[in-house]
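Here is the structure we will look at, set down as structure tokens.
In UniProt numbering, the protein residues as written are 1 to 155.
Laid out in structure tokens, this is it:
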């Protein structure tokens with residue numbers, strides 16, 4: 001969800017996911033970067049990302065910018081993501097994901113992002129019973145994560 005940006009890069013995974021294992025979010029006022037690890041159908045590990053922009057910095061790529069808060073969510077063996085929600089809009093002229101929250105069968109992680117979102121658009125992707133979110137695809141702008149989508153798999 002999200003609008004995207006004029007300067008965008010589409011980000012996707014090459015191998016179909018079976019199970020999501022961890023999610024890493026770097027954020028300040030808005031979501032700067034997203035990365036995640038997952039297992040494929042043969043149970044081989046994969047890492048995607050970090051996907052995002054420079055986090056508002058002129059030269060430092062998001063993954064190298066040490067001052068950004070970084071949160072890693074490690075999912076337990078029987079834990080799975082059942083919903084992603086957040087808000088998106090324009091942040092200093094850049095289409096951005098303002099905040100993200102990940103809901104699992106064991107609890108809630110987030111929101112990640114701290115900007116006042118009065119007037120921003122909300123999105124929510126709840127997953128029905130017997131399925132879970134197993135991966136992501138995204139669009140990035142030159143500074144921030146600008147859109148996110150999910151891959152869903154039945155149990």
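Even glycine gets a Cβ: it sits at the ideal position worked out from N, Cα and C.
7 Å CB neighbourhood of residue i in its chain, flanking five on each side removed
i, result
"residue 128", "none"
"residue 45", "37 and 39"
"residue 169", "Limits of the chain in this structure are 1 at one end and 155 at the other, which puts residue 169 out of reach."
"residue 102", "23, 73, 81, 84, 109 and 110"
Under the three-state DSSP convention, the category residue i falls into
i, result
"residue 26", "strand"
"residue 51", "strand"
"residue 21", "strand"
"residue 115", "coil"
"residue 41", "coil"
"residue 110", "strand"
"residue 141", "coil"
"residue 78", "coil"
Segment limits, beta strand (DSSP E) that includes residue i
i, result
"residue 150", "145-154"
"residue 88", "81-91"
"residue 13", "Taken as a continuous stretch (DSSP letters only), residue 13 belongs to no beta strand (DSSP E), as it is neither H nor E."
"residue 129", "Where residue 129 is concerned, there is no enclosing beta strand (DSSP E), given that its DSSP letter is neither H nor E."
"residue 68", "Per DSSP, residue 68 belongs to no beta strand (DSSP E) and is neither H nor E."
"residue 105", "No beta strand (DSSP E) contains residue 105, which DSSP labels as neither H nor E."
Nearest-angstrom Cβ-Cβ length linking residue i and residue j, presumed shorter than 8 Å
i, j, result
"residue 77", "residue 26", "Going by Cβ atoms, the distance from residue 77 to residue 26 rounds to 26 Å, so no, they are not a contact pair."
"residue 17", "residue 135", "4 Å"
Same chain, Cβ closer than 6 Å to residue i, five either side skipped, listed in chain order
i, result
"residue 124", "85"
"residue 12", "137"
Residue i to residue j span [Cα, whole Å]
i, j, result
"residue 59", "residue 51", "Low local confidence applies: a pLDDT of 47 at residue 59 is under 50, so the model's placement there is unreliable, with the coordinate-based value given in what follows. Roughly 16 Å separates the two Cα atoms."
"residue 139", "residue 87", "15 Å"
Residues of its chain near residue i, where Cβ-Cβ distance is below 8 Å and the 5 sequence neighbours each way are ignored
i, result
"residue 120", "87, 88, 89 and 98"
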